[in-house]
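Notes to accompany the following structure.
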Amino acid sequence: MLDVTDLNIEFHDHLTPETVVNDFDLHMDYGEIVGLVGESGSGKTMSALAIAGLLSRKNMKKRGRIEFEGTDILNCPRNELRSLQGKDISMVFQEPMNSLDPLKKIGYQVEESLKIHTDMSAKNRKRLALRALSEVELPDPKGIYELYPHELSGGMRQRVMIAAAIISKPKLLICDEPTTALDVTIQAQILELLKKINKRYNTAILFISHDLSLVRKLCKRVLVMYRGNVVESGEAEQVFSHPEAEYTRLLIAAIPKFEKLRKD
Amino acid sequence: MKYIIRKTASMAVTVLIVSFLVFLAFSVIPGDPAVAKLGTSATPEKLVKLREELGLNRPLPVRYFEWIKSFLFGDMGTSYSYGVSVRSMLAGKLPITFCLTGMSFVLIIVISIPLGISAAKYEDTLFSKITDVLNQAVMAVPAFFTGILITYAAGLVLHLFTPGGYVSYRESMGGFLYYMLFPALAIALPKTAMNVRLLKSSVLKEAKLDYVRTAYSRGNSTNDVLYKHVLKNALIPVITFLGMTLSDIVAGSLIIEQVFSIPGIGRMLITSIGNRDYPVVGAIITIVAFIVIFINYIVDILYQVIDPRTRRQG
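If you read the protein sequences in the order shown, they are chains B and C. As numbered in my numbering, residues 523 to 786 make up the first sequence, in order. As numbered in my numbering, residues 568 to 881 make up the second sequence, in order.
Structure follows, in structure tokens:
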């Protein structure tokens, strides 16, 4: 479904060009959940934005190939890209507080991609939006449909973001640190939700996080990034139990271990 | 709804306070309408008699209540200097000033909003750079000077209109509106430049926010993102500015009326202040204050309409 080969991204907004992603390769199949791990600035968000076709064209050089079902996302014309965005490829962002338009009702934002990509009637759109809202386990979808983003908590807003992302049943859902801004109990619920969505619709999920323990809970396969390079990739269990790269080992060592703490 | 009622009540109180301050100011500042009318050589007896006639010998609160009571019923008193009702003096002039203000406001909106949006949309292009430079220049010139420049350029050089050749709306509506276009432009230009700049920076600021990226991720085109999401958000500071501007141009038009010899309330206000013609001055200032307060009231309500975050419960 998705094939990324030799993706290179260079910034040119300073005097010296800066490589943020270097020879990034990724293959994803339908229904697969892949984790992309690394610290801030490792290039994981840049790679994700490139796959979602959201990198702006200014001050930036991109090389390589991102092929999604035969379409070259990096080089295809804008309207071809737009016909995929929100329909086949959806994205959930890190900051639920700012990722929704503050002046538009939740309903509008959830069904927006249907409005763009289909000629469905308003009534049908609303029906699907309500269903998506209940699918992300929000209480009282009808009430929430009429609310504005500022009237919801962070966790609820992130659920709304997910509802909006899955309403057109995308083949690929990119989640960029979707739980980082949320507290731990909500994190776990969001992970469960993503798992359910993956099972129900066979949606492939690219899950980006700096938190290894989350990735381990969710993903079958994982890529570890450091300073723009993929330093390690493979089956999640394999990577966690027998890390090859030094950096991965350090990352794993950095996970706090409550069990151990209790014994000490 | 509750909000609107509360707002209306507070607006009424503000207008009352302003009108009282205006009234108070006239009894505090030096100058005496009786002396102004009869001249400095008048005998004290005559002055006392006139003051009595004008009701100036009564205590201030009594005079204020009399005045505000009749004001509310549309009777704005009688001019000390001319002996005619203030109402009839204002009747022919207020529409002219309102028209001037209204025209400048429409010009500001019609010119600045499309220009501001395009300047943001085509940022980093020659177009945007040219508007930036023009903005700086126009913004720096005060309205009355722009008025003089327009009189010179459009009137004396290009002969688009006759400077000083005011056409009354009773004579010809078309001629009146055409003549008013030039002073309206003089008032509008500096404010337009400011608004273009404000709108441009506001759009650019909004365009960097996360929700814009979300909108793109759903497959919106650049224009859809701009008009369906960014613009409304970007207009919030612009509304505040336009509200202040509208109050400002009501005052600004009083000066421009002088430059273009328009018989609006501006000239009348200046003469009346000189003559200590309190009823006229009081009426004009109260009306202008009311307009300013009313504009603010409208802006507050507009906020509620456009921005759900400012809406209160109940």
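For glycine and all other residues, C-beta sits at the position ideal for the given N, C-alpha and C.
Separation of M523/B and T593/B (C-alpha to C-alpha, rounded to the nearest whole angstrom) is 10 Å. The Cβ atoms of G560/B and Y748/B sit closer than 8 Å to each other.
The beta carbon of H796/C sits closer than 6 Å to the beta carbons of A782 from its chain, once the five residues preceding and following it are set aside; these are given in chain order. Taken through DSSP and simplified to helix, strand or coil, C697/B comes out as strand.
Secondary structure within the stretch 717-782 of chain B: the beta strand (DSSP E) runs of 3 or more consecutive residues, fully enclosed, are 726-731, 743-748 and 751-757 (chain order). Looking at the DSSP output, K584/B shares a beta bridge with I531/B. If you compare the alpha carbons of K739/B, M613/B, E633/B and S569/B with that of V526/B, the shortest gap goes to S569/B. Per DSSP, E668/B has no beta bridge partner at all.
In this structure, S655/C keeps its C-beta atom at 8 Å or more from the C-beta atom of G644/C. Within chain C, the residues placing a beta-carbon under 8 Å from that of D623/B are Y778, T781, A782, H796 and N800, ordered along the chain. With respect to the 8 Å criterion, I823/C and T759/C are not classified as neighbours on the basis of their beta carbons.
By the C-beta density criterion, P599/B is exposed, having fewer than 16 other C-beta atoms within 10 angstroms. Taking a C-beta distance under 8 Å as the contact criterion, V632/B and A685/B qualify as a contact pair. With contacts defined by Cβ atoms closer than 8 Å, V847/C and V653/C form a contacting pair. Taking 8 Å as the CB threshold, R630/C stays off the interface with chain B. Three or more pairs of CB atoms, one per stretch, sit closer than 8 Å, so the stretch 551-560 of chain B contacts the stretch 731-751 of chain B. Using a Cβ-Cβ cut-off of 7 Å, G608/B is close to S784, R785 and G786 of chain C, given in chain order. Counting along the chain, V614/B sits inside the beta strand (DSSP E) bounded by residues I611 to V614. Pairwise C-beta distances place the stretch 775-793 of chain C in contact with the stretch 606-618 of chain B, as three or more of them are shorter than 8 Å.
Inter-residue distance for G732/C and I717/C is about 14 Å (C-alpha atoms, whole angstroms). Contact between L821/C and G833/C is confirmed by a C-beta separation of about 3 Å, below the 8 Å threshold.
In this structure, I719/B places its C-beta atom within 8 Å of the C-beta atom of I688/B. Proximity of I873/C to chain B, defined by a Cβ-Cβ separation below 8 Å, is satisfied. Considering only beta carbons, the part of the stretch 574-587 of chain B lying closer than 7 Å to chain C consists of A574 and L576, in chain order. At least 8 Å separates the beta-carbon of L548/B from that of L695/B. Annotation note: the stretch 655-739 of chain C contains the following uninterrupted alpha helix (DSSP H) runs of length 4 or greater, listed N- to C-terminal: 661-688, 693-707 and 710-717. Taking C-beta atoms as the reference points, L715/B and V658/B count as a pair closer than 8 Å. DSSP places G833/C inside the alpha helix (DSSP H), whose first and last residues are I832 to G841. The C-beta of E617/B comes closer than 8 Å to at least one C-beta of chain C. Residues of the stretch 523-555 of chain B with a C-beta atom less than 7 Å from some C-beta of chain C do not occur. The C-alpha of N597/B is placed about 18 Å away from the C-alpha of F533/B.
By the criterion of a C-beta distance shorter than 6 Å, A850/C is surrounded in its chain by M643 and V653, once the five residues flanking it on both sides are discounted. For P750/C, the closest alpha carbon among the candidates A579/C, L766/C, F665/C and K569/C is that of F665/C. Residue L736/B holds the alpha-carbon nearest to the alpha-carbon of P700/B among K693/B, T725/B and L736/B. Assigned with DSSP and collapsed to three states, F590/C falls in helix.
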